[in-house]
Amino acid sequence: MNSVLSLGAVTLLGLAGCTRAESQTGLTLEAKLSGGFGQLSNVVELDSGRVAFTDTRDKLFLSAAFGTGELDTLGKRVEAVAADSAPGEYKFPGWVAQLAGDTLALVDFSVLRTTLWTEGGKPLRVLPIAPVGGTAPVLVYDTVGHGYKIDYQSLLAPGPGQAKRPDSVPVLRIALRGGKVDTVARLAAPEFGEATFGEQKQPAATVFAPNDFFGVLPNGTAWVARGRDNRVDWRAPDGKWTPGKSRKYTGLPVTQADKDRVLAQVREQGKQYGMPQELAIQYPFAQAKPPFDFALGRPSGEVWLQRPRVQEGAALVYDVYNRQGAWQREVAFPAGASLAGFGESGAIYASLRNEDGTRTVGRYRLR
572 MNSVLSLGAV TLLGLAGCTR AESQTGLTLE AKLSGGFGQL SNVVELDSGR VAFTDTRDKL
632 FLSAAFGTGE LDTLGKRVEA VAADSAPGEY KFPGWVAQLA GDTLALVDFS VLRTTLWTEG
692 GKPLRVLPIA PVGGTAPVLV YDTVGHGYKI DYQSLLAPGP GQAKRPDSVP VLRIALRGGK
752 VDTVARLAAP EFGEATFGEQ KQPAATVFAP NDFFGVLPNG TAWVARGRDN RVDWRAPDGK
812 WTPGKSRKYT GLPVTQADKD RVLAQVREQG KQYGMPQELA IQYPFAQAKP PFDFALGRPS
872 GEVWLQRPRV QEGAALVYDV YNRQGAWQRE VAFPAGASLA GFGESGAIYA SLRNEDGTRT
932 VGRYRLR
């Protein structure tokens, strides 16, 4: 699968000369896991019909087989992870990435730590990564020896001699051997406004404002989905950029229900930090939703952009762009399903909502 980074915390797109019947594609469910999980991360395809993923609510690293239904918990969850902890231990497993060969990377969100595993579930070692670009974890990897991260440090506050935040943010490429660092892309900086927590005011990213997303293909080819321009640009391994073609869109209005839902999430997250639930909170909101609010790359050379929804429970629709940055089609997902990963053989993996509110993994194919 292809990883992705975003700066962000149903846009109706024009059909660009294609009729809806010609451009819309559906999905066929091949199989799904029988288990129920709390909250799923991304899904990485393994061999022999198996997948790996994390349950970010129950904080477990898991592998499962569609054919047999067998489910394995990999490694061991512990209450604290130290620098010398065994590679098979984790506290908050949050993301899985495919590296070269049969090697997986597990990112522990509780600490700045990535561990390496075989596809069979054997922990190998802790992956040393050069400490650059702040404390955000490295989530994006190619299979030719690099990790990638956004340098968020420049967004936290203007640097010496700067009157304001920069208008772009670098994406750093980190050599996993040797630690060499270079900049391979720049993303538009997010829009900022002012948030209020009681009497305290602080800068905050504007909710529902457009953001850029970054990802790489296994061979190191990179892409950037440009939120303000609604296009996908590509960077070849030799550094040559191919700009994509912008598509017109009409942004959906941000409703009061949207704002209430976001603020409820802020309060829920604040509980773990002891935030009083009666505290008055205000956040900066955009007037309209962006053309997409999530992006994921397919190993075959496509980028799938997730449209915002009119209502929270509506089915998701994805716009698919090819390696030349041209829009190809839209793909409608079933209600309760969201894109979670891709397989080398054309499989599309989704996080599915069960009737009891738990989640599971489904494997789909394009019709």
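Adding 571 to a residue's 1-based position in the sequence shown gives its number in the working numbering.
A virtual CB, placed ideally from N, CA and C, is assigned to each residue, including glycine.
Predicted model, so just to flag it, every value in this text is computed and none were measured.
To which residues does DSSP link residue i through a beta bridge?
i      : result
ALA766 : GLN773
LYS956 : Past the edges of the chain, shown from 572 to 938, lies residue 956, and the structure says nothing about it.
LYS647 : GLU660
PHE632 : THR625, LEU645
THR929 : Answer by DSSP bridge pairing: none, since THR929 is not bridged.
ARG548 : With the chain represented from 572 up to 938, any question about residue 548 goes unanswered, as that position is not in the structure.
ILE745 : GLY718, VAL752
GLN827 : Answer is none; GLN827 lacks a bridge partner.
LYS816 : For LYS816, which the question treats as bridged, DSSP gives no partner whatsoever.
VAL682 : For VAL682, which the question treats as bridged, DSSP gives no partner whatsoever.
GLN882 : Per DSSP, none; premise fails for GLN882.
ALA668 : ALA676
THR596 : VAL902
ARG924 : ARG930
GLU873 : ARG869
Have a look at residue i and residue j and give me their C-alpha separation to the nearest angstrom.
i      : j      : result
ASN925 : THR931 : 7 Å
ARG938 : LYS603 : 17 Å
PHE768 : PHE865 : 27 Å
ARG806 : VAL711 : 15 Å
MET846 : ARG838 : 8 Å
ASP626 : ALA756 : 31 Å
ARG878 : ASP800 : 14 Å
LEU850 : LEU642 : 43 Å
ASP829 : GLY841 : 19 Å
VAL795 : LYS647 : 36 Å
ILE745 : ARG900 : 34 Å
VAL825 : PRO761 : 17 Å
ARG684 : ARG936 : 34 Å
PRO954 : TYR820 : Nothing in the structure corresponds to residue 954, since the chain is present only between 572 and 938.
VAL678 : PRO708 : 7 Å
THR929 : THR596 : 27 Å
THR644 : GLN771 : 43 Å
GLU616 : GLY640 : 15 Å
GLN827 : PHE863 : 20 Å
LEU611 : GLY786 : 20 Å
ASP927 : GLN843 : 25 Å
ASN613 : TRP875 : 14 Å
ALA701 : ARG748 : 9 Å
LEU923 : LEU670 : 26 Å
ASP618 : TRP812 : 33 Å
GLY692 : VAL682 : 21 Å
Can residue i and residue j be called in contact, C-beta distance under 8 Å?
i      : j      : result
GLU660 : VAL667 : no
GLY775 : PRO861 : As written in the sequence, residue 775 is Ala, which differs from the Gly given in the question. For ALA775 and PRO861, no; Cβs fall outside 8 Å.
LYS720 : PRO664 : no
GLU873 : VAL891 : yes
ARG869 : PHE913 : yes
ALA859 : GLY798 : no
Please check the pair residue i and residue j, which I expect to be a contact at CB under 8 Å, by giving their CB distance rounded to whole angstroms.
i      : j      : result
GLY704 : TYR723 : 7 Å
SER634 : ALA623 : 5 Å
VAL608 : GLY620 : In the sequence as presented, Val is not what sits at residue 608; that position holds Phe. That pair is no contact at about 18 Å.
ARG934 : ALA918 : 5 Å
ALA766 : GLN773 : 6 Å
ASP673 : THR689 : 6 Å
LEU598 : VAL902 : 7 Å
ALA857 : VAL752 : The pair is not a contact, with the Cβ atoms about 33 Å apart (cut-off 8 Å).
PHE763 : ARG736 : 7 Å
ALA908 : ALA921 : 4 Å
ALA676 : LEU698 : 6 Å
At least one CB of chain B closer than 8 Å to the CB of residue i: is that the case?
i      : result
GLY845 : In summary, chain B is missing from the structure at hand, where a single protein chain is found.
Problem - the segment 828 to 847 / the segment 740 to 757 touching (three or more Cβ pairs under 8 Å) - result: no
Problem - Inter-stretch contact (C-beta, 8 Å, three-pair minimum) for the segment 707 to 720 and the segment 780 to 794 - result: yes
Practice task
Examine the Cβ distances between the segment 794 to 814 and the segment 878 to 887 and report whether three or more of them are shorter than 8 Å.
Solution key: no
Problem - Meets three-Cβ-pair contact criterion under 8 Å: the segment 810 to 829 and the segment 891 to 908 - result: yes
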